[in-house]
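One structure is given here, and the rest of the page talks about it.
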């Protein structure tokens, strides 16, 4: 078995402690998670869906898990010293896997929005959490099972019926510890009927010389006619592994934007499982990966159209350089009854060196004739004609390459509806390609230059 | 200004230029004409430094410096400009950013600081006027969605901004209607000075009605086989290239026998 044993053993030996420090709504699913893991083990790279991410290797190091909920002292004001936002955000911190409230974070939130620690919310609203926690995520999935086995806290965002949240809700996940640490965070987002919100999640690692592993599950319920923009930005370190599994269900008329941006990372596996439960719902998925050095990014998405009249538009773009590896596997499934489905998927990649690798697997599975669907992938180099044209105007080769890479990502960046985030991200991507670390290791929208 | 000696170049192992000799003095306009496939565009690409072409022999001196040892961007800084027959579209790079990068790269080469925002905008405004280029194109991606005429005007606009000492205009007249041709040609003429030179590559006489050349060369089989005054263009217009081809082919045949 290998790497998995240590986590199962941890649960078997310290299950009582884990349970004592977590609410019942989370505890009750642990036995099922354990049996799933014991029964299935971890998928190997021979498994078609995990060919490019070796979970066993990622989970092998002797990570600590903070089951005793020891408070790790991180001074948020040191991390986020500029609080003059270009964009008004309500900022919440999750340090390792513990929810940490910042002063005044709720100030800007209207009535009818709950942004809380998952553990606390499960105590005050046990019924609500039980009704939603673990209901979308499939326990047969190894990331879901491992997260469920160990998860003790995370965050709940609940936007009640008809409430429109103006300020962006920003969640900053921080890794900060002196020894190797695994965090099993859980995010639960419930958008009730006609609710609207924008959520920005930023992953940061502060201790660059320590190994970290994030095993995260996000469950998103998009109610009837609700609107949600969900931006997920990773700016971690080479020594950070991230295993993330997002599960989304959209009711009739809902509109969701999922945007996964990987600016800096170590080894990342991002999974998206989405489904439509009602007609006339729309999903836009955007993704960007800037991979160089020996970084790895593996994206897996499965979008299920089971009902008629829904619309999906998916665009993922990568640049891979040096010895980096990128992988994209996307399936759009259109069931027999899902007539008038419109689903488009595109994955475009630039490979900048002989040793970089990109794997792309776009897939459509369609069981209905009355649909409009397309998929496409391209893996290539920068256009030599464009490079030459720019150089004849005096632009150096390095500068031309930089501008063309930036241009390559422009349609992903332009898909961001939040103007301040879009502008900020443009700058961050520019700096990323220019080889600079983003000016402050903090988040895109909370700081000025 | 420019001195080309016995220039040979190939692409994909195929020799296209087979010993070009050409001298251009300051203030002169040279036209290069010739049948299809004679190597006209290759000559322009080789002079601008397109890495797809390999120079196998010969020398090119440009304002006293070895042109062939320079990268394309340095050739630009040193005063060479190529107006493309097919200007390249660059989606995602706006005209403004493109020109700012070009202008500031040149300034950096000469040890000057980047141009200030208001000076830059003023420069753009001035130069756009020369070719009546619409302001709205500035915010668009380079050449993307431009009409044929707009693309060619955009080339002359870039030439105006970069102020080259030698401009090579590769079939700038192709795909232009009469009005666009007039605007482009007038733009080129406005930029003429006693110190600057131009090489105009064209198939047809009509561009030369607007841009008066001092010397006309005929390129055939990768060599300049005929050089004459402005009257040569008219003769080609009337008689075609066949008589020149016949002379050259006959001479080649004799050489072959010898």
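Chains as they are written, first to last, in the numbering used here: chain A, 4 to 452; chain B, 25 to 282.
Quick reminder that beta carbons are idealized off the backbone N, C-alpha and C, glycines included.
**Request:** Locate the alpha helix (DSSP H) running through residue 417 of chain A, then write down its first and last residues.
**Result:** Position 414 of the first chain, counted from the start, is the residue given in the question as residue 417 of chain A. It spans 413 to 417 - the alpha helix (DSSP H) in which residue 417 of chain A sits, taken as one unbroken run.
**Asked** Looking at the C-beta of residue 388 of chain A, does it have a partner C-beta in chain B at a distance below 7 Å?
**Response** As a working mapping, residue 388 of chain A is identified with position 385 in the first chain. Yes, contact with chain B.
**Message:** If we define contact as Cβ-Cβ less than 7 Å, is residue 204 of chain B a contact residue for chain A?
**Reply:** The residue you call residue 204 of chain B lines up with position 180 of the second chain. For residue 204 of chain B, the answer is no, since every Cβ of chain A falls outside 7 Å of its Cβ.
**Item:** Inter-stretch contact (C-beta, 8 Å, three-pair minimum) for the segment 128 to 143 of chain B and the segment 228 to 238 of chain B
**Value:** no
**Asked** In whole angstroms, what separates the C-alpha of residue 46 of chain A from that of residue 10 of chain A?
**Response** Sequence index remark: in the first chain, residue 46 of chain A carries index 43 (1-based). Sequence index remark: in the first chain, residue 10 of chain A carries index 7 (1-based). For residue 46 of chain A and residue 10 of chain A, the distance between alpha carbons rounds to 16 Å.
**Request:** Return helix, strand or coil for residue 185 of chain A, following the three-state DSSP convention.
**Result:** The count along the first chain starts at 1 and reaches residue 185 of chain A at position 182. Residue state, collapsed to three classes: strand.
**Item:** Local Cβ density within 10 Å of residue 267 of chain B, reported as buried at 16 or more and exposed below that
**Value:** Counting from one through the second chain, the residue named residue 267 of chain B turns up at place 243. Its Cβ having fewer than 16 others within 10 Å, residue 267 of chain B is exposed.
**Request:** Return the first residue and the last residue of the alpha helix (DSSP H) that residue 82 of chain B is part of.
**Result:** To locate residue 82 of chain B, count along the second chain from 1; it is residue 58. First-last for residue 82 of chain B: 78 to 86, but that is the beta strand (DSSP E), not the alpha helix (DSSP H).
**Item:** One or two residues paired with residue 232 of chain A in a DSSP bridge
**Value:** Reading the first chain from its first residue, position 229 is the one you call residue 232 of chain A. A/201 and A/260.
**Item:** Test: residue 438 of chain A CB closer than 7 Å to a CB of chain C
**Value:** Of the chains in the structure shown, none is chain C; the protein chains are A and B.
**Request:** Under 8 Å Cβ to Cβ from residue 99 of chain A, same chain only, skipping five residues before and after it: list those, please.
**Result:** Here residue 99 of chain A refers to the residue found at position 96 when the first chain is read from its first residue. Around residue 99 of chain A: 69, 75, 177, 178, 179, 180, 184 and 186.
**Message:** For residue 100 of chain B, would you say it is in contact with chain A, using Cβ-to-Cβ distances shorter than 7 Å as the test?
**Reply:** By 1-based counting over the second chain, the position of residue 100 of chain B is 76. So, interface residue.
**Item:** Short Cβ contact (7 Å threshold) for residue 242 of chain A with residue 97 of chain A
**Value:** As a first step, residue 242 of chain A must be located in the first chain, where it is residue number 239. As a first step, residue 97 of chain A must be located in the first chain, where it is residue number 94. Contact flag unset, no.
**Min CB distance residue 425 of chain A to chain B below 7 Å** = On the first chain, residue 425 of chain A is found 422 positions in, with the first residue counted as 1. So no, residue 425 of chain A is outside the interface.
**Prompt:** According to DSSP, which residues form a beta bridge with residue 70 of chain A?
**Reply:** Translated into the one-based positions of the first chain, residue 70 of chain A becomes position 67. BP columns for residue 70 of chain A are empty, so no partner.
**Prompt:** Counting along the chain, where does the alpha helix (DSSP H) carrying residue 131 of chain B start and finish?
**Reply:** Translated into positions along the second chain, residue 131 of chain B becomes position 107. Taken as a continuous stretch (DSSP letters only), the alpha helix (DSSP H) holding residue 131 of chain B covers 119 to 133.
**Item:** Whole-angstrom C-beta distance between residue 298 of chain A and residue 268 of chain A, which should lie under 8 Å
**Value:** One-based indexing of the first chain puts residue 268 of chain A at position 265. One-based indexing of the first chain puts residue 298 of chain A at position 295. Contact holds; Cβ gap of about 6 Å.
**Asked** Mind checking if residue 391 of chain A is an interface residue toward chain B, Cβ cutoff 7 Å exclusive?
**Response** In the first chain, counting from the first residue as 1, residue 391 of chain A sits at position 388. Yes - at least one Cβ of chain B is within 7 Å of the one on residue 391 of chain A.
**Asked** Which residues of chain A have a Cβ atom closer than 9 Å to the Cβ of residue 109 of chain B, listed in chain order?
**Response** Position 85 of the second chain, counting from 1, holds the residue named residue 109 of chain B. Simply none; closest approach about 12 Å.
**Request:** Give a yes or no on whether the C-beta atoms belonging to residue 294 of chain A and residue 250 of chain A are separated by under 7 Å.
**Result:** Position 291 of the first chain, counted from the start, is the residue given in the question as residue 294 of chain A. Position 247 of the first chain, counted from the start, is the residue given in the question as residue 250 of chain A. Not closer than 7 Å, so no.
**Message:** So within the segment 111 to 159 of chain A, which uninterrupted alpha helix (DSSP H) runs reach at least 4 residues, ignoring any that extend past its ends?
**Reply:** 121 to 127, 129 to 135 and 145 to 153
**Prompt:** Ends of the beta strand (DSSP E) at residue 317 of chain A?
**Reply:** Translated into the one-based positions of the first chain, residue 317 of chain A becomes position 314. Segment 314 to 323, the beta strand (DSSP E) holding residue 317 of chain A.
**Request:** Mind the definition here: the segment 50 to 58 of chain B touches the segment 92 to 103 of chain B only if three or more C-beta pairs lie below 8 Å; say whether that holds.
**Result:** no
**Prompt:** Of the residues that make up the segment 137 to 157 of chain B, which ones have a beta carbon closer than 7 Å to any beta carbon in chain A?
**Reply:** none
**Item:** With 16 other Cβ atoms within 10 Å as the buried cut-off, status of residue 36 of chain B
**Value:** The residue you call residue 36 of chain B lines up with position 12 of the second chain. Residue 36 of chain B should be labelled exposed.
**Every unbroken alpha helix (DSSP H) inside the segment 178 to 232 of chain B [4 residues or more]** = 202 to 214
**Message:** If the cut-off is 9 Å on Cβ atoms, which residues from the segment 404 to 415 of chain A count as contacting chain B, listed in chain order?
**Reply:** 406, 407, 409, 410, 411, 412, 413 and 414
**Message:** Check this for me: beta carbons of residue 220 of chain A and residue 255 of chain A, under 7 Å apart or not?
**Reply:** Walking along the first chain from the start, residue 220 of chain A turns up at place 217. Walking along the first chain from the start, residue 255 of chain A turns up at place 252. In this structure, residue 255 of chain A does not lie closer than 7 Å to residue 220 of chain A by Cβ.
**Boundaries of the alpha helix (DSSP H) in which residue 288 of chain A is found, first to last residue** = In the first chain, the residue the question calls residue 288 of chain A occupies position 285. Run containing residue 288 of chain A: none in the alpha helix (DSSP H); it sits in the beta strand (DSSP E), 285 to 294.
**Message:** By DSSP's criteria, residue 32 of chain B is part of a beta bridge. Which residues make up the other side?
**Reply:** Taking the first residue of the second chain as position 1, residue 32 of chain B is located at position 8. DSSP, once it has assigned bridges, lists B/42 and B/81 as partnering residue 32 of chain B.
**Asked** Taking the alpha-carbon positions, what's the residue 84 of chain A to residue 175 of chain A distance?
**Response** On the first chain, residue 84 of chain A is found 81 positions in, with the first residue counted as 1. On the first chain, residue 175 of chain A is found 172 positions in, with the first residue counted as 1. Residue placement at residue 84 of chain A is flagged as unreliable, the pLDDT there being 38, under the threshold of 50; the coordinate-derived value follows with that caveat. Their backbone Cα atoms lie some 14 Å apart in a straight line.
**Item:** Three-way DSSP call (helix, strand, coil) for residue 94 of chain B in this model
**Value:** Taking the first residue of the second chain as position 1, residue 94 of chain B is located at position 70. The answer is coil: DSSP assigns residue 94 of chain B none of H, G, I, E or B.
**Prompt:** List, in order along the chain, the chain A residues whose C-beta lies closer than 7 Å to that of residue 72 of chain B?
**Reply:** Counted from its first residue, the second chain places residue 72 of chain B at position 48. Result: 395.
**Prompt:** With a CB to CB cut of under 7 Å and the five nearest residues on each side skipped, what residues in its chain are close to residue 30 of chain A?
**Reply:** For the purposes of this step, residue 30 of chain A is taken as residue 27 along the first chain, with counting starting at 1. Within the same chain, residue 30 of chain A has close Cβ partners 22.
**Contacting residues, own chain, Cβ-Cβ under 6 Å from residue 204 of chain B (five flanking each side not counted)** = Position 180 of the second chain holds residue 204 of chain B. Excluding sequence neighbours, residue 204 of chain B sits near 173.
**Request:** Decide yes or no for the touch test of the segment 28 to 43 of chain B against the segment 65 to 85 of chain B: beta carbon pairs closer than 8 Å, at least 3 of them.
**Result:** yes
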